[in-house]
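Presented below is the structure to which this report refers.
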Ligand SMILES: CC(C)(COP(=O)(O)OP(=O)(O)OC[C@H]1O[C@@H](n2cnc3c(N)ncnc32)[C@H](O)[C@@H]1OP(=O)(O)O)[C@@H](O)C(=O)NCCC(=O)NCCS
């Protein structure tokens, strides 16, 4: 397998990050637990041979690390997994015990992805996406697999001990 490098987002990456956010979520403004500007939040990019192929955006609040967005532009090559491992390591080093995220009810692929990587479904928010659409009208009515896009699910990963 090719070597995947995961490093902090730098200024030079922002143009690419903006394109990925716009392709995935219609703009760099992403609704997670609230409306976030992904271009001002910390996170990591993934690179193979100096080519950017993934990005994860994080927000730390109330002692928890929220994954605001996780995107891989070459799916099925272990890039998403490598970024999640980096986020868990980063949280561990900061003494954060809880990594969490919200995903939408149509995002079956991400539900599979996160659950296989130790995340548990901890909350369901009926109509959360319908409410988010009021602040971000670009959110479509119909999502992946033709599923009506209405609700949000919270997933959480608990870190057991502080990493050195
Ligand atoms: C979720 C996401 C980040 C995963 O990234 P990824 O780089 O494909 O992740 P990985 O390669 O580490 O793992 C993907 C899984 O798909 C499998 N896979 C294999 N070939 C694949 C292919 N051609 N396409 C997609 N997945 C494939 C992998 O083996 C792995 O399976 P597993 O979960 O059974 O182990 C990516 O699908 C994505 O960008 N989705 C759109 C944005 C999104 O919904 N983000 C999550 C909510 S914030």
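Numbering (the working numbering), first residue to last: 75 to 238. By construction, the Cβ of each residue, glycine as well, lies at the ideal position given by its N, Cα and C atoms.
Which residues DSSP lists as bridging residue i, in chain order
i: residue 216; result: 222
i: residue 231; result: 173
i: residue 118; result: 82, 130
i: residue 165; result: Paired residue(s): none; residue 165 is not in a bridge.
i: residue 138; result: 135
i: residue 144; result: 130
i: residue 109; result: 105
i: residue 92; result: Paired residue(s): none; residue 92 is not in a bridge.
i: residue 191; result: Bridge partners of residue 191: none, in fact.
i: residue 197; result: 228
Assigned exposure category for residue i - 16 Cβ within 10 Å defines buried
i: residue 165; result: buried
i: residue 188; result: buried
i: residue 80; result: buried
i: residue 178; result: buried
i: residue 288; result: The chain is shown from 75 up to 238; residue 288 falls before or after that span and cannot be answered.
i: residue 226; result: buried
i: residue 145; result: buried
i: residue 84; result: exposed
i: residue 106; result: buried
Contact belief for residue i with residue j at Cβ below 8 angstroms, rounded distance in angstroms
i: residue 117; j: residue 132; result: 5 angstroms
i: residue 223; j: residue 203; result: 5 angstroms
i: residue 128; j: residue 147; result: 7 angstroms
i: residue 143; j: residue 130; result: 7 angstroms
Closer than 7 angstroms to chain C by CB, residue i
i: residue 209; result: As a matter of chain content, chain C is missing from the structure shown, which is built from one protein chain.
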